[in-house]
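Undergrad: Numbering of the sequence shown is given in the numbering used here, commencing with residue 100 and proceeding in unit increments.
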Amino acid sequence: MKNSRFDATVLTLGFAFLYIPILILVIYSFNASRLVTVWGGFSLTWYQQMWSNQGLMDAAWVTARVAVISATIATILGTLAALTLVRFRKIPGRLLFSGMIYAPLVMPEVITGLSLLLLFVSLDIDRGFWTVIIAHTTFSMCYVAIVVQSRLLTFDRSLEEAALDLGCPPVKTFFRITLPLILPAVLAGWMLAFTLSLDDLVIASFNTGPGATTLPIKIYSQVRLGVTPEINAICTILIGLVALGVIAASVATKRNEVRRQRDEQAAAQG
Numbered sequence: 100m101k102n103s104r105f106d107a108t109v110l111t112l113g114f115a116f117l118y119i120p121i122l123i124l125v126i127y128s129f130n131a132s133r134l135v136t137v138w139g140g141f142s143l144t145w146y147q148q149m150w151s152n153q154g155l156m157d158a159a160w161v162t163a164r165v166a167v168i169s170a171t172i173a174t175i176l177g178t179l180a181a182l183t184l185v186r187f188r189k190i191p192g193r194l195l196f197s198g199m200i201y202a203p204l205v206m207p208e209v210i211t212g213l214s215l216l217l218l219f220v221s222l223d224i225d226r227g228f229w230t231v232i233i234a235h236t237t238f239s240m241c242y243v244a245i246v247v248q249s250r251l252l253t254f255d256r257s258l259e260e261a262a263l264d265l266g267c268p269p270v271k272t273f274f275r276i277t278l279p280l281i282l283p284a285v286l287a288g289w290m291l292a293f294t295l296s297l298d299d300l301v302i303a304s305f306n307t308g309p310g311a312t313t314l315p316i317k318i319y320s321q322v323r324l325g326v327t328p329e330i331n332a333i334c335t336i337l338i339g340l341v342a343l344g345v346i347a348a349s350v351a352t353k354r355n356e357v358r359r360q361r362d363e364q365a366a367a368q369g
């Protein structure tokens with residue numbers, strides 16, 4: 100009984116430490132006062148000001164485009180890397196290849212960002228929108244590879260072998276059999292890469308250029324001069340979008356689980 104109370108207390112304190120600052124930020128995004136630490140009444144003024152702030156809107160649009168493109172490329176490359184690591188265990192240089200895939204996981208972001216910056220400078224590539232995409236793809240691809248690889252390790256290859264025995268070409272087998280079965284892991288990898296891209300500040304700051312200012316860089320540059328209620332407003336919108344994404348994913352997972360159980364029951368009865 101004492102242990103359960105202690106665990107509940109520690110858990111409560113942990114959640115409070117994590118979520119009370121977020122709750123305060125959300126509350127003060129509706130503050131009528133320009134002073135972010137002084138409550139001046141409920142107001143939606145700063146949300147209106149946020150939408151009219153062209154700098155914030157441009158940074159948000161750049162961030163969304165970078166996140167979608169880099170997550171998509173990272174998902175494709177990460178899935179191919181996972182297939183290579185799982186299906187081709189005896190290829191020359193496999194250990195080196197796996198080490199290169201997993202290196203960004205343990206590499207400090209400062210080193211990754213600086214090394215990519217030196218690469219672009221040595222190749223005389225102007226930094227901008229596409230260099231940020233390349234940088235984000237580089238460090239997020241390894242996360243996709245790990246997620247997809249964990250699914251492939253438990254994949255039943257007899258399904259592929261049955262399709263091949265029936266005359267289905269290998270490429271068609273992958274798209275008709277393998278990909279649909281590992282699709283949840285692929286989508287999870289894409290969402291993880293998308294989230295990492297939205298959140299990144301260090302790597303993007305090394306590799307950005309004119310016209311490619313992401314939202315974290317924009318917020319950081321404004322916070323150094325003082326927090327404004329507009330930043331609270333746009334952060335609240337991001338929190339809301341993340342919450343909606345989590346709820347949608349939970350509902351979809353629950354529906355898939357119910358559908359799977361219903362199919363298993365129907366198969367057992369049949």
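Just so you know, even glycine gets a beta-carbon here, dropped at the ideal spot from N, CA and C.
Restricting to Cα atoms, I'd like to know which of G325, L265, L155, G140 is closest to T312.
TA: Locating residue 312 in the sequence shown gives position 213, counting from the first residue. Among G325, L265, L155, G140, the Cα nearest to that of T312 is on L155.
Undergrad: Counting only the same chain and skipping the five closest in sequence on each side, list residues whose C-beta sits under 7 Å from that of Q248.
TA: Residue mapping note: residue 248 aligns to position 149 of the sequence shown, counting from 1. The answer, listed in chain order, is A181, L184, V185.
Undergrad: Quick one: give me the first and last residue of the alpha helix (DSSP H) that W160 is part of.
TA: Translated into the one-based positions of the sequence shown, residue 160 becomes position 61. Residues 153-186.
Undergrad: Can you name, in chain order, every residue of its own chain whose Cβ lies under 6 Å from the Cβ of L295, other than the five neighbours on each side?
TA: Working through the sequence shown from its first residue, we reach residue 295 at position 196. Result list for L295: S239, in chain order.
Undergrad: Measure the beta-carbon distance from V231 to T307 and round it to whole angstroms, keeping in mind my assumption that it falls under 8 Å.
TA: Here residue 231 corresponds to residue number 132 of the sequence shown, with the count starting at 1. Here residue 307 corresponds to residue number 208 of the sequence shown, with the count starting at 1. Right, their Cβ atoms sit about 5 Å apart.
Undergrad: Is the beta carbon of S304 less than 8 Å from the beta carbon of H235?
TA: Position 205 of the sequence shown holds residue 304. Position 136 of the sequence shown holds residue 235. Against a cut-off of 8 Å, the Cβ pair of H235 and S304 comes out as no contact.
Undergrad: For A115, is the classification buried or exposed, using 16 other Cβ atoms within 10 angstroms of its Cβ as the cut-off for buried?
TA: For this step, residue 115 is matched to residue 16 along the sequence shown. Per the 10 Å Cβ criterion, exposed.
Undergrad: If you follow the alpha helix (DSSP H) that V374 is part of, which residue opens it and which one closes it?
TA: Residue 374 cannot be examined here, being either before or after the span of the chain that is shown, 100 to 369.
Undergrad: Would you please state the rounded distance, in angstroms, between the beta carbons of N331 and Y127? I believe it to be under 8 Å.
TA: By one-based count along the sequence shown, residue 331 stands at place 232. By one-based count along the sequence shown, residue 127 stands at place 28. Between Y127 and N331 the Cβ distance is about 5 Å, and since that is below 8 Å, they are a contact.
Undergrad: Step through the CB atoms of chain C and report whether any lies within less than 8 Å of the CB of K353.
TA: Checking the listed chains, one finds no chain C in this structure; it contains a single protein chain.
Undergrad: Give me the Cβ distance between A166 and L297, rounded to the nearest whole Å; I'm assuming they're in contact under 8 Å.
TA: As a first step, residue 166 is located in the sequence shown; it is residue number 67 there, counting from the start. As a first step, residue 297 is located in the sequence shown; it is residue number 198 there, counting from the start. About 5 Å; that satisfies the 8 Å criterion.
Undergrad: Check the DSSP bridge columns for N130 and list the partner residues they point to.
TA: Position 31 of the sequence shown holds residue 130. According to DSSP, which records beta bridges pairwise, N130 is partnered with F141.
Undergrad: Report the residue from Q360, A351, A342, L282 whose alpha carbon sits nearest the alpha carbon of V125.
TA: To locate residue 125, count along the sequence shown from 1; it is residue 26. Comparing Cα-Cα distances from V125 to each of Q360, A351, A342, L282, the minimum goes to A342.
Undergrad: Output needed for V322: all residues of its chain with C-beta closer than 8 Å, excluding positions within five of it in sequence on either side, in chain order.
TA: Position 223 of the sequence shown, counted from the first residue, corresponds to residue 322. Cβ within range, chain order: I330.
Undergrad: From L110 to P120, what distance separates their C-alpha atoms?
TA: Residue mapping note: residue 110 aligns to position 11 of the sequence shown, counting from 1. Residue mapping note: residue 120 aligns to position 21 of the sequence shown, counting from 1. One C-alpha to the other measures close to 16 Å.
Undergrad: Distance check for L265 and R361, CA to CA, integer angstroms please.
TA: Here residue 361 refers to the residue found at position 262 when the sequence shown is read from its first residue. Here residue 265 refers to the residue found at position 166 when the sequence shown is read from its first residue. Going from the Cα of R361 to the Cα of L265 covers about 29 Å.
Undergrad: For A303, is the beta carbon positioned less than 7 Å from some heavy atom of the ligand NAD?
TA: In the structure on display, the ligand NAD does not appear, and there are no ligands present to speak of.
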